[in-house]
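Residue numbers (the numbering used here): 18 to 329.
Don't be surprised by glycine CBs; every beta carbon is placed ideally from N, CA and C.
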Amino acid sequence: MRGGIAVAGVACLMLGLTSCTSPAKVPSPATGATVGRHGEAAYREVRQRVREAEEVKERLIERCMTDKGFTVHHPVWLPPEVDPLAYPDVDAPSVGEAERTGYGIGRGHTPTSTKEDLPGLAEWTQLPQTERERYLREREGRVDEFALEDGTRLSVSRGGCAGEVVTSLYGDPAAYVRLRWLTDGGAANHLRFALRDDPRVRDATAGWAECVGSQGFQGVSVPEDAQELASMAYLGGEGALPLEPTAAREREVAIATAHARCAENERLNEISRAVFGELRASYVVEHETEIIAYRDLIVAGIDRAQRQLQTG
């Protein structure tokens with residue numbers, strides 16, 4: 018069975034297609050809402066405080082580097098806050114949107130914050146390479162790797178200003194990094210892969226792929242393949258030249274519309290969202306102890322950091 022994260026669409030039956038598989042059964046919403054409620058509450062508080070925790074930590078690291086004699090500092094980019102346990106952006110466009118704009122390929126957007134906007138970036142890049150390397154050695158100290166129970170390898174700074182600050186705020190740096198991973202990036206990775214590999218999503222995705230193939234778009238097994246195929250109309254690839262802009266747009270719209278209609282027939286959005294709800298609830302229950310511990314750790318760390326900043 019071919020896998021992939023399922024996404025949205027409209028019925029193959031509307032197109033008179035007969036090769037699509039029967040829609041998969043939509044799982045019931047996750048039950049046992051009271052289980053893991055302490056973890057949910059702790060997680061919400063983490064999301065409210067985690068950026069503050071990062072900001073005060075970076076202020077202390079910069080102060081430490083200033084004490085070492087550095088006057089130009091490495092800019093630190095804090096990306097926009099995201100919810101690692103939120104449903105991933107995997108839904109297909111609606112049929113109406115697909116017919117109007119396809120996937121929206123080529124439509125530009127202006128990011129609200131980029132690394133190029135960082136204060137002090139110009140000054141940093143003007144430093145000699147040897148000075149930048151010396152700065153980073155003093156900041157990061159020795160970087161060690163360690164493995165989690167599932168084999169995931171993470172890195173941690175020991176010594177240097179980064180390691181010293183983390184230790185002063187959170188104690189053992191490895192314990193801090195582990196809890197942060199399980200509540201942040203590791204949680205997002207786990208849920209994305211679990212969603213992709215769930216048998217209900219895999220079955221629905223296989224039906225979607227069969228439907229899309231019956232409309233002339235061969236070699237597409239997961240929704241990401243369809244978007245890549247549409248992009249090739251503009252960029253070329255696999256021995257094919259880019260199409261003329263009007264023809265490229267027409268092909269994009271045709272692929273996106275087939276994607277959307279077949280996905281709706283297989284109820285991919287509905288199935289994916291219901292499965293994700295189950296997976297998310299299970300993750301919070303399984304990792305409730307770590308989520309609460311991480312909440313307690315960063316709340317206490319913020320308090321320590323604020324006291325250290327006030328004392329100068």
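Straight-line gap, ALA291 to GLY176 (C-alpha atoms, nearest Å) = Here residue 291 is taken as the residue at index 274 of the sequence shown, counted from 1. Here residue 176 is taken as the residue at index 159 of the sequence shown, counted from 1. Each residue's Cα considered, the two are about 45 Å apart.
query = Are the beta-carbon atoms belonging to ALA277 and ALA115 less than 8 Å from one another?
reply = Residue mapping note: residue 277 aligns to position 260 of the sequence shown, counting from 1. Residue mapping note: residue 115 aligns to position 98 of the sequence shown, counting from 1. Taking 8 Å as the Cβ cut-off, ALA277 and ALA115 qualify as a contacting pair.
task = Identify every run of the alpha helix (DSSP H) within the segment 140 to 213, keeping only runs that are complete inside it and at least 4 residues long; order them along the chain.
result = 146 to 157, 177 to 187, 190 to 200
task = Quick one: grab the DSSP three-state call for ALA59.
result = Translated into positions along the sequence shown, residue 59 becomes position 42. Three-state DSSP puts ALA59 in a helix.
inquiry  = At a cut-off of 7 Å, would you count TYR60 as near the ligand SAH, judging by its Cβ distance to the nearest heavy atom?
reply    = Looking for the ligand SAH in the displayed structure turns up nothing, as the structure carries no ligands at all.
query = Can you tell me whether DSSP reads GLY254 as helix, strand or coil?
reply = Working through the sequence shown from its first residue, we reach residue 254 at position 237. GLY254 falls in the strand class under three-state DSSP.
query = Is the segment 81 to 90 close to the segment 216 to 223, with three or more CB pairs under 8 Å?
reply = no
request  = With a threshold of 16 other CB atoms inside 10 Å of the CB of LEU77, please say whether the residue is buried or exposed.
outcome  = Here residue 77 refers to the residue found at position 60 of the sequence shown. Buried is the call here.
request  = Give a yes or no on contact between the segment 290 to 305 and the segment 154 to 161, applying the rule of three or more CB pairs nearer than 8 Å.
outcome  = no
ask   = Nearest to ASP161 by CA position, among ALA223, LEU260, PRO190, is which residue?
value = As a working mapping, residue 161 is identified with position 144 in the sequence shown. It is PRO190 whose Cα lies nearest to the Cα of ASP161.
task = Count the other CB atoms, across all protein chains shown, that sit within 10 Å of the CB of GLU281; report buried if there are 16 or more and exposed otherwise.
result = Within the sequence shown, the letter at position 264 stands for residue 281. So GLU281 ends up on the buried side.
inquiry  = Quick check: the Cα distance between ALA317 and VAL107, rounded to an integer number of angstroms?
reply    = For this step, residue 317 is matched to residue 300 along the sequence shown. For this step, residue 107 is matched to residue 90 along the sequence shown. Between ALA317 and VAL107, the C-alpha separation is close to 36 Å.
ask   = DSSP three-state call for ALA331: helix, strand or coil?
value = Only positions 18 to 329 of the chain appear in the structure, and residue 331 is not among them; the question remains open.
key: Exposure of LEU369, with buried meaning 16 or more beta-carbon neighbours within 10 Å   = Because the chain spans 18 through 329 in this model, residue 369 falls outside it and cannot be assessed.
inquiry  = Quick check on TYR104: does DSSP put it in helix, strand or coil?
reply    = As a working mapping, residue 104 is identified with position 87 in the sequence shown. Correct three-state label for TYR104: coil.
request  = State the start and end residues of the unbroken alpha helix (DSSP H) segment that holds GLN325.
outcome  = Position 308 of the sequence shown, counted from the start, is the residue given in the question as residue 325. Counting along the chain, the alpha helix (DSSP H) containing GLN325 begins and ends at 305 to 328.
ask   = When DSSP labels each residue in this structure, what does PRO97 get in the three-state scheme?
value = Locating residue 97 in the sequence shown gives position 80, counting from the first residue. Correct three-state label for PRO97: coil.
request  = Note the first and the last residue of the continuous alpha helix (DSSP H) segment covering ALA109.
outcome  = If you number the sequence shown from 1, residue 109 lands on position 92. Unbroken run through ALA109: none, as it is neither H nor E.
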